[in-house]
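In the UniProt record's numbering, the protein residues as written are 1 to 105. See below for the structure under consideration.
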Amino acid sequence: MITFERECRTPHSESYTIFEDGSIVGRVDLHYQGTNVYATLCTTADANEDRIQQLIDATDEQLVMTADPYREDFVVTVWRGSPAGVYSDNELDDDEDDEDTFRLN
């Protein structure tokens, strides 16, 4: 089952990590512009067309179609690749075991 965990939200956009069976399978950023919704979907390099369509459908059904107002168009840009990490200006806590977070200099 595909599920979503919201990372952040603004008045006109949202970012989600996409999970399936407890594993991260991608990320989607949604941008709402009137009745149109624009998305950037990032998934693994081995995702085939069927897999991409499953992720788009789940995003539309679970996130986009539940938003108000109802969307007229849903435009999705897809990126396939491998995660390179999460970068931040914030100091990392010594107690954190998150090896995928890097400090920007």
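Backbone N, C-alpha and C define an ideal beta-carbon position, used for all residues, glycine too.
- request: Report the rounded CA-to-CA distance for Met65 versus Thr17, giving the unit in angstroms.
  value: 18 Å
message: Let me see if you follow: with CB-CB separation under 8 Å, is Ala58 close to chain D or not?
response: Checking the listed chains, one finds no chain D in this structure; it contains a single protein chain.
message: For a test of the three-state rule: what should DSSP assign to Ala58, helix, strand or coil?
response: helix
- prompt: In whole angstroms, what separates the C-alpha of Pro69 from that of Asn36?
  reply: 9 Å
message: Is the beta carbon of Val76 closer than 8 Å to that of residue 128?
response: An answer regarding residue 128 cannot be provided, because it is not within the stretch 1 to 105 covered by the chain.
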